[in-house]
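First the structure, in the form of structure tokens, and then the observations on it.
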Amino acid sequence: MGEALLAISNLNKSFETAAGRVRALQGVNLRVEEGEFITVIGPSGCGKSTLLRIVAGLDTEFSGTVKLGGEAIRGPGIDKGFIFQEHRLFPWLTAEKNIASDLSLRDPQVRRRVDELIALVKLEGFERSYPRELSGGMAQRVAIARALLRSPRILLLDEPFGALDAFTRAHMQAVLLDIWQTRRTTMVFVTHDIDEAVFLGSRVVILEPRPGRIRRVIPIDLPYPRKKAGTSFQELRLRVLSEFEKVEELELTDGAGI
Numbered sequence: 016m017g018e019a020l021l022a023i024s025n026l027n028k029s030f031e032t033a034a035g036r037v038r039a040l041q042g043v044n045l046r047v048e049e050g051e052f053i054t055v056i057g058p059s060g061c062g063k064s065t066l067l068r069i070v071a072g073l074d075t076e077f078s079g080t081v082k083l084g085g086e087a088i089r090g091p092g093i094d095k096g097f098i099f100q101e102h103r104l105f106p107w108l109t110a111e112k113n114i115a116s117d118l119s120l121r122d123p124q125v126r127r128r129v130d131e132l133i134a135l136v137k138l139e140g141f142e143r144s145y146p147r148e149l150s151g152g153m154a155q156r157v158a159i160a161r162a163l164l165r166s167p168r169i170l171l172l173d174e175p176f177g178a179l180d181a182f183t184r185a186h187m188q189a190v191l192l193d194i195w196q197t198r199r200t201t202m203v204f205v206t207h208d209i210d211e212a213v214f215l216g217s218r219v220v221i222l223e224p225r226p227g228r229i230r231r232v233i234p235i236d237l238p239y240p241r242k243k244a245g246t247s248f249q250e251l252r253l254r255v256l257s258e259f260e261k262v263e264e265l266e267l268t269d270g271a272g273i
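In the numbering used here, the protein residues as written are 16 to 273.
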């Protein structure tokens, strides 16, 4: 077996709290191949966001190994893009300047890249709009374009559509899939929504708490675009839901849902 783009081996992470030491992640092992779209689900407190932060290089206090492209991750870098639930755009900058971030649009190469990304996320005509003039979905598209500007090897998304209404969320799922199929950027997408996980992912990783560990990895062998009302989709959804319900039962039994 060759080297995976992202290789996580025996990852353990603990936090010190007023109540004592809390194990956030324990014995996590995961391989993500180049070009895969992985979705991660699990109840609150199972370590989903912590896992993303470690892969992003935002948290380096852990044991085990986390490698990207065969190199140990030792901190943040342009090879990793991160998208939060909130768009976190600069309110004083236009959409195109938010995408360019600290780079100058006077640079012809930057100008070309920004224009390409605006077309990719379907924001033509809103280049000079400020965040307050954009809908929630449009603002997230700007955030996605900004994360893609430096062509990261992996894009990490922490419930990016969680604050959107159902219609906008469905539209953004389609936009993100279009971006993935166009660029084949490897994506790891955290969500609480089982339908979203099955609709987007080539594999669904189910985490259980505490400590956070992988309960099951379920391949989603369905062609894109997927129909949520289709029989095959519903069968896989029920399989994921069944595992998720087992996790919830464990949480109640262990009293971990506090």
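For glycine and all other residues, C-beta sits at the position ideal for the given N, C-alpha and C.
Source: prediction; values computed, not measured.
Look at residue 29 here: in three-state DSSP terms it is strand. About 4 Å separates the beta carbon of residue 160 from that of residue 132, a gap short enough to meet the 8 Å contact definition.
Around the Cβ of residue 64, a 10 Å sphere holds 16 or more other Cβ atoms; the residue is buried. With three or more CB-CB distances shorter than 8 Å, the segment 254–263 counts as touching the segment 42–59.
DSSP places residue 137 in the coil class of the three-state scheme, outside both helix and strand.
Annotation: residue 57 is outside any alpha helix (DSSP H) and is labelled neither H nor E by DSSP. Within a 10 Å sphere around the beta-carbon of residue 173 sit 16 or more other beta-carbons, which makes this residue buried. Counting along the chain, no beta strand (DSSP E) covers residue 216, and no H or E run does either. Between the C-alpha atoms of residue 222 and residue 48 there is a straight-line separation of about 19 Å.
Taking the C-beta atoms as reference points, residue 22 is found nearer than 7 Å to residue 46.
Around the CB of residue 211, 16 or more other CB atoms lie within 10 Å, so the residue is classed as buried. DSSP, read as helix, strand or coil, puts residue 243 in coil. In its chain, beyond the 5 residues on either side, 53, 232 and 234 have a beta carbon closer than 6 Å to the beta carbon of residue 218. Contact check for residue 75 and residue 89: beta-carbon distance about 6 Å, within the 8 Å limit, so the pair qualifies.
Closest by C-alpha distance to residue 125, out of 111, 136 and 135, is 111.
In terms of Cβ geometry, residue 227 and residue 40 form a close pair [threshold 7 Å].
Cα atoms of residue 237 and residue 252: separation of roughly 12 Å, rounded to the nearest angstrom.
Each of 239, 42, 203 and 98 was checked against the Cα of residue 77, and the nearest Cα belongs to 42.
Using a Cβ-Cβ distance cut-off of 8 Å, the segment 97–110 and the segment 132–146 are in contact, since at least three pairs of beta carbons, one from each stretch, lie closer than that value. In the three-state DSSP reduction, residue 171 falls in the strand class (E or B). Annotation: residue 95 to residue 263 spans about 32 Å, alpha carbon to alpha carbon. Taking all protein chains in view, the Cβ of residue 204 is crowded by 16 or more other Cβ atoms within 10 Å, so the residue is classified as buried. For residue 69, there is no enclosing beta strand (DSSP E); the residue is found in the alpha helix (DSSP H) stretching over 63–71. In this structure, DSSP gives residue 146 a helical state, which the three-state scheme calls helix.
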